[in-house]
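S.K.: Would you mind keeping the following structure in view while I ask a few things?
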Amino acid sequence: MKIFNAAIFILVLFYPNLSTEWPTHTVCKENNLEIYYKSCDPVQDFALSIDRCSAILTNTFNIRAAMVLRHSIKELFLSLNLIINGKSLLGYKQTLCEPKNPRFIFCGVKKGEHIYYEGPVTLGIHEIPEGEYNISLRLHNEDRLTVACADFTIKNKAKK
Ligand SMILES: *[C@@H]1O[C@H](CO)[C@@H](O)[C@H](O)[C@H]1NC(C)=O
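Using the working numbering, you'd call the opening residue of the sequence shown number 6 and step up by one each time.
Next up, the structure:
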């Protein structure tokens with residue numbers, strides 16, 4: 006039963022408490038726009054902030070994000086799923102870091118190091134139709150280990 010024991014060990018190692026849920030963080034809350042997120046990585050939470058909700062509708066806006074890295078990122082991949090008003094709409098994958106092409110300052114960062122990113126992000130969204138948007142985002146490394154995982158909720162309510 007060696008394999009079985011190893012599986013249990015890994016489970017305990019990465020799921021210190023199976024019932025742990027990270028709190029939902031509010032990124033911003035304005036008149037009709039609200040953005041929340043929750044870490045879906047069982048072993049860690051992370052910090053994220055932007056100046057104003059409406060900033061995400063400008064071409065490029067600044068974010069501040071901080072986390073401790075649990076796994077080295079020689080290579081980093083992003084996968085994203087978008088659900089709008091309960092309907093799954095989009096699955097998206099992108100490579101963010103490759104050894105030959107480290108596109109971001111955090112590419113190549115080693116396990117245990119802190120990442121603090123303060124700088125611009127370009128989403129290219131100029132309008133968000135009314136509704137509820139759920140975005141699941143997962144970053145994993147070359148060994149398919151989760152580097153970060155988050156569920157975002159964006160709510161755009163009709164102006165009253
Ligand atoms: C979207 O996120 C909200 C808040 O976390 C949640 O209550 C809702 O069930 C989610 N909707 C879907 C379709 O996953």
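All residues carry an ideal CB built from backbone N, CA and C; glycine is no exception.
Bear in mind the structure is a predicted one, so any value in this text is a computation, not a measurement.
Near ligand 1, which residues have their beta-carbon closer than 5 Å to a heavy atom?
M.R.: This selection yields I88, G91, N139 and T158.
S.K.: DSSP puts T158 in a beta bridge; with which residues?
M.R.: Reading the sequence shown from its first residue, position 153 is the one you call residue 158. Partner(s): Y41 and N139.
S.K.: DSSP on S84, reduced to helix/strand/coil?
M.R.: In the sequence shown, residue 84 corresponds to position 79, counting from 1. Strand, per DSSP.
S.K.: Specify the secondary structure class of S93 as computed by DSSP and reduced to three states.
M.R.: What you label residue 93 is simply residue 88 of the sequence shown in a count that begins at 1. Strand, per DSSP.
S.K.: DSSP three-state call for A60: helix, strand or coil?
M.R.: One-based indexing of the sequence shown puts residue 60 at position 55. In the structure shown, A60 sits in a helix (DSSP, three-state: H, G or I).
S.K.: With distances taken Cα to Cα, identify the nearest neighbour of A163 among D148, H145, P134 and N146.
M.R.: Numbered from its first residue, the sequence shown carries residue 163 at position 158. Cα-wise, what sits closest to A163 is P134.
S.K.: By the 10 Å Cβ neighbour count, where 16 or more other Cβ atoms means buried, how is I130 classified, buried or exposed?
M.R.: What you label residue 130 is simply residue 125 of the sequence shown in a count that begins at 1. By the 10 Å Cβ count, I130 comes out exposed.
S.K.: Quick check on T65: does DSSP put it in helix, strand or coil?
M.R.: For the purposes of this step, residue 65 is taken as the residue at position 60 of the sequence shown. The DSSP-derived three-state label of T65 is strand.
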